[in-house]
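So the structure is just underneath, and the comments pick up after that.
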Amino acid sequence: MATLVTGAVGTGKTELLHAFGEQAARAGALVLSASGSPAEDEAAPLDTFYQLFHSVGLPVSAAARAAALLSAGMTADGSRTQPHVLHGLTAILLELAEDTPLAICVDDVEHSDAASLECLLQLIRKMRKARISVALTQRTGTRRQWQRFRGELQRQPHVRYVRLTPLSADGVGQALADQLGTGVSDELAATAFRLTGGNPLLVRALVRDSLTAVPGAVDQPRLVTGTAYQHAVLSCLHGDDKTLSEVARSMAVLGAAGSTTLVARLAEVEHERVSAAVGALAETGLLDGCGFRHPAMGEAVLADVPGRELVELHGRAARLLWAKGMPAITVAEHLVAVGAVEPAMAPVLREAAEQALGEDRVELAGRCLELAADVCDDKQERASVMAALMELEWWANHGSTARRGGHLSEAISAGHLSGKAAGVAMTRLLWQGRAGEAKIALDQLAADGATSELRLAELTLATTYPGVDVHVPAARGPEDRVVPTTVINQPRLGGATALAAVLTAGMHDEAIASAEHLLQNTQLTHGTADSLAAALMTLIYADRLYEAAVWCDHLLAEAKLREAPGWEARFAACRAEVAFRQGELAVCESNARLALERLSAPGWGVGIGFPLANLILAATEMGRHEEAAYWFNQPVPQALLDTRFGLHYLHARGHYQLSTGRLHAALGEFLSCGELMAMWGIDRPTLVPWRSDAAQVYLRLGEIDKAQRLLDEQLALLPPGPSRTRGITLCVKARASGLKRRRQLLREAVDNLQAGGGRLELARAQAELADVYQALDEPTKARTLARKAWHMAKTCQADALCQILLPDGGLPKLPRPTQLTSPEALAALTDAERRVAKLAALGQSNREIAGQLYITVSTVEQHLTRVYRKLKVSGRSDLPSEFSASIADTA
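The sequence shown begins at 3 in this note's numbering and counts up one residue at a time.
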């Protein structure tokens, strides 16, 4: 009986052949073994039979007779082996089988020489009744010589065929379990199947690499592809000729773009042979369709290609793909691998960079732009590329942003930048403190007549450096306060337009609506990031803190997910500002720190004043004066005080000076801030409430009239309706008023701060109102409010305020008088009403309560109405301290 075992490389043919030989030997058979050589042209005639007759255990007389025949056959001058030699060798084997059973094993028989194949055929024809078993293994091939042998073999009735295929996913899991000696999860088995295609050779190599990389990790195995895996992949490419490896290399280079036609052209192999090679590679488990089953397989193939040859392959692939009309990003992946291209390919690289950015492939985009900049022979085109590269490097927090700014300044001076590139360059130069050079870029845009880009550049310059004359009129009349619908529908322009409107005209519905529309309907991209940040600042300056916090968190999460440190820093700085205004000091500090971690100081440029300001404010209010001093003394760009960010910085410095008792220094900071805001035409209290800041100092200096005048001016500048800024102003104004008037003003301040969401200022207002009640001989109300104020300040982590309220640092031990709300009244509240009342007592606004409890604002209002009625109180400021105390006690 003869058996032919077929299958792809690594499917276990050789292992099965060895097992057959061992079993035959145990049964008393004489085992004769040989293997074919891939180097067919170098093999001597009858090389396979030479190996068979040199097997261990062959009788000496048979070996001698065979040696004589082999010597005659192997010295033939390339002519056909004499028939008597083949007959003689066959006869020796048949005679041996009369005395003892024979097991003849030939591995990789397709690589045997022609004379050996002919002799095997003769033996198989004649051995029907002899005690001979022949086992052959064959890897699928295309050699004509082998095909003739296979055809003759199929005519023999006593030949059986065994085909080995790759393992199934379950089979791979079982193989892993057998080799690791432990159970294997379905997920791990599925990953192993993707990495190996079920090829046992690759499975064993994968296990070997994994155990080597993580020794002893049998209980919790982790799959690792290493040297053994790479060698196993390459061994699957050893075929009759170089076709398999050439096709595999071409497929690995082309990747997903590699059709059989393109592979044939890149490998310079006939299409028919490529199709056959693809089929053979699929049999090994390497391919799934027209691509590698797992990227690691293609990587292993490429790792074996010599460097110069790989560069040549990428160069040819780029030309083929470009001629085929493939996307620029697909072509560019090969161009950057080559590293040196012709100037004519610069536009392809630019287009590819834009496509790569759309897919958040920042590294590829950067390499495309760098290569384009190197090969551009047009100065204007090169300047445009440099502007795009500078923008990208800011996004990715690369340290070369400032260096490229110098090159762009030269390009702007020479008039080499125009259109969108000039606008991009202008924005980055602004952040670097180069307002003069940015103004030149603006003038270039005006000369070019780029209307949309010019308007965006004007607004960006006006909202960043408000003191620079860019001919943007301030909004004075109602008609100027309308944000046009055409602008709302332009994502890149909408944010800057809304921000400019809020800065010049204050809080008005059109700008707020525009900002919210932009945030709701605009995807975060490289072209919209600045506009979205401007929309966030619009909401912040409009005292829409709850909405701003929600959008900040959303954009921060997306920036982090997309690994965009520049965006993350920008949105973290906005989140810090929101958190400080809401009284969340720890959140403010952590986000301001994150902003400085994710973007270097050179990357921030003049914008660094924004996160620094919040770090100074947070540390000051948390009572950490040494830390506040550290941030206070950090070096800042000279141009900072020419920017909107400088206003925040002066505001923070003033509060630090005030907290340390340097009143005149603090007053100087606040008044400087006010002078700049007035001079720049953006004197809006919601930007920086410098008047109430300065009024605090005047009150401590005893200059009450000056304080009153500033506070009245600030109230007059605010739009009607409750807001955080109004609450702050009323709280300071109360300090300059008589006792009863002070009570009225503070109650109004509390209501405004509760509505506006400023919990730190709310705690301060409640504390001052408690002092008023104490002075008016209303100790119950005084104790209730003092307790609320302390708990709220503690929640805000405002240790400086807590220390003022309780110098000894302990929890207030206030007696509970009998006239406090009765236990029966509290028990009458439902669980839902109690939850809402607790948060209201803590100072949260109705909108914040709704967001935290996942209910509507209307539901919150209904619950509070019932709470006020059951407890017989007039409003949330009269809610009993039992609520805020219970929250603090369980925190």
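No residue lacks a Cβ here, since even glycine has one placed at the ideal position from N, Cα and C.
It should be emphasised that the depicted structure is a prediction, and the values quoted were computed from it without experimental measurement.
With C-beta atoms as the reference, is residue i less than 8 Å away from residue j?
i, j, result
"Ala898", "Cys590", "With the chain covering only 3 through 893, there is no way to say anything about residue 898."
"Gln434", "Gly607", "yes"
"Leu660", "Trp633", "no"
"Ala855", "Arg868", "According to the sequence provided, residue 855 is Leu. The question's Ala does not apply to it. Not in contact: Leu855 and Arg868 (Cβ atoms no closer than 8 Å)."
"Leu268", "Val280", "no"
"Leu246", "Leu239", "yes"
"Gly625", "Asp511", "no"
"Leu787", "Ala843", "no"
"Ala498", "Ala536", "yes"
"Leu48", "Ser118", "yes"
"Val11", "Leu203", "yes"
"Ala574", "Leu587", "no"
"Tyr651", "Gly611", "yes"
"Leu649", "Leu689", "yes"
"Ser252", "Cys292", "no"
"Leu673", "Ala697", "no"
"Leu125", "Phe151", "no"
Relative to the alpha-carbon of residue i, which residue among the options has its alpha-carbon at the smallest distance?
i, options, result
"Val108", "Glu100, Ala21, Leu138", "Leu138"
"Ala68", "Gly90, Gly59, His86", "Gly90"
"Leu410", "Ala566, Ala507, Ala443, Ala171", "Ala443"
"Arg31", "Lys244, Leu95, Ala842, Glu353", "It should be noted that the sequence gives Ala, not Arg, for residue 31. When only C-alpha atoms are compared, the closest one is Leu95."
"Ser420", "Gly438, Trp396, Gln446", "Gln446"
"Val699", "Val174, Gly656, Ala498", "Gly656"
"Ala4", "Pro722, Leu104, Gly683, Ala342", "Leu104"
"Ala36", "Arg28, Trp569, His56", "His56"
"Val862", "Lys874, Leu873, Gln846, Leu534", "Gln846"
"Arg766", "Leu741, Cys804, Thr786", "Cys804"
"Thr102", "Gln124, Leu88, Leu119, Leu60", "Leu60"
"Ala346", "Val340, Asp380, Leu359, Ile331", "Asp380"
"Leu71", "Cys292, Ile106, Leu366, Cys121", "Cys121"
"Leu713", "Pro722, Leu18, Val734, Ala515", "Val734"
"Ile331", "Val364, Ala305, Glu826", "Val364"
"Thr662", "Leu501, Ile618, Asp644", "Ile618"
"Ala464", "Ala437, Pro639, Asn635, Leu283", "Ala437"
"Ala550", "Gln525, Glu715, His528, Val580", "Val580"
"His666", "Leu304, Thr506, Arg702, Ala423", "Arg702"
Does any heavy atom of the ligand NAP sit closer than 7 Å to the C-beta of residue i?
i, result
"Leu34", "As for the ligand NAP, it is missing from this structure, which has no ligand bound."
Excluding the five sequence neighbours on either side, which residues of its own chain have a C-beta within less than 7 Å of the C-beta of residue i, listed in chain order?
i, result
"Gln710", "Ala738"
"Arg457", "Leu495"
"His20", "none"
"Ala194", "Val174, Leu178, Val205, Leu208, Leu225"
"Arg546", "Ile514"
"Lys708", "Tyr700"
"Pro817", "With a pLDDT of 33 at Pro817, under the threshold of 50, the modelled position of this residue cannot be trusted; read the value that follows with caution. Within the same chain, Pro817 has no close Cβ partners at all."
Cutting at 6 Å between CB atoms, please list the residues of its own chain near residue i, excluding the five before and the five after it.
i, result
"Leu351", "Ala334, Cys370, Leu373, Ala374"
"Ala769", "Ala791, Leu807"
"Ala736", "Arg744, Leu747, Leu748"
"Val504", "Ala513, Thr540, Tyr543, Ala544"
"Gly704", "none"
For a cutoff of 8 Å on Cβ pairs, would you count residue i as touching chain C?
i, result
"His233", "Included in the structure is just one protein chain, with no chain C present."
Suppose the cutoff is 8 Å on Cβ atoms and the five residues either side in sequence are ignored; what does the same chain contact list for residue i look like?
i, result
"Ala631", "Tyr658"
**Q.** Cβ contact (3+ pairs, closer than 8 Å) linking the segment 414 to 425 and the segment 381 to 390
**A.** Touching, yes, given that three or more Cβ pairs across the two stretches are closer than 8 Å.
Q) Are the segment 749 to 768 and the segment 720 to 732 touching, with three or more C-beta to C-beta distances below 8 Å? A) yes
Q: Pick out the complete alpha helix (DSSP H) segments inside the segment 557 to 640, 4 residues or longer, and give them in chain order.
A: 567 to 584, 587 to 600, 603 to 606, 611 to 623, 627 to 634
**Q.** In chain order, each alpha helix (DSSP H) run of at least 4 residues that lies wholly inside the segment 100 to 142
**A.** Fully contained in the segment 100 to 142 are the following alpha helix (DSSP H) runs of length 4 or more, in chain order: 116 to 128.
Q: Spell out a yes or no on whether the segment 264 to 282 and the segment 226 to 237 are touching, meaning 3 or more CB-CB pairs, one atom from each, closer than 8 Å.
A: no
Q: Go through the segment 268 to 317 residue by residue and report every complete run of the beta strand (DSSP E) that reaches 3 residues or more, in order.
A: Qualifying beta strand (DSSP E) stretches: none in this window.
Q: Could you name each continuous alpha helix (DSSP H) segment of 4 residues or more that falls completely within the segment 190 to 231, going from the start of the chain to the end?
A: Within the segment 190 to 231, the complete alpha helix (DSSP H) runs of at least 4 residues are 202 to 215.
Q) On the three-pair Cβ rule with 8 Å, is the segment 351 to 368 touching the segment 305 to 323? A) no
Q: Decide yes or no for the touch test of the segment 163 to 174 against the segment 116 to 130: beta carbon pairs closer than 8 Å, at least 3 of them.
A: no
Q. How do the segment 847 to 863 and the segment 756 to 771 stand: do at least 3 beta-carbon pairs fall below 8 Å, yes or no?
A. yes
Q: Return the chain-ordered ranges of every alpha helix (DSSP H) run that is complete within the segment 392 to 472 and spans a minimum of 4 residues.
A: 403 to 415, 421 to 433, 437 to 450, 453 to 466
Q) Touch check for the segment 558 to 577 and the segment 764 to 777: three-plus C-beta pairs under 8 Å? A) no
Q | Runs of alpha helix (DSSP H) wholly within the segment 638 to 676 (minimum 4 residues, chain order) | A | 646 to 661
Q: Would you list, in sequence order, the uninterrupted alpha helix (DSSP H) runs of no fewer than 4 residues that lie entirely inside the segment 494 to 530?
A: 511 to 523
Q) Residue ranges of each beta strand (DSSP E) run of no fewer than 3 residues wholly in the segment 730 to 774, ordered along the chain? A) none
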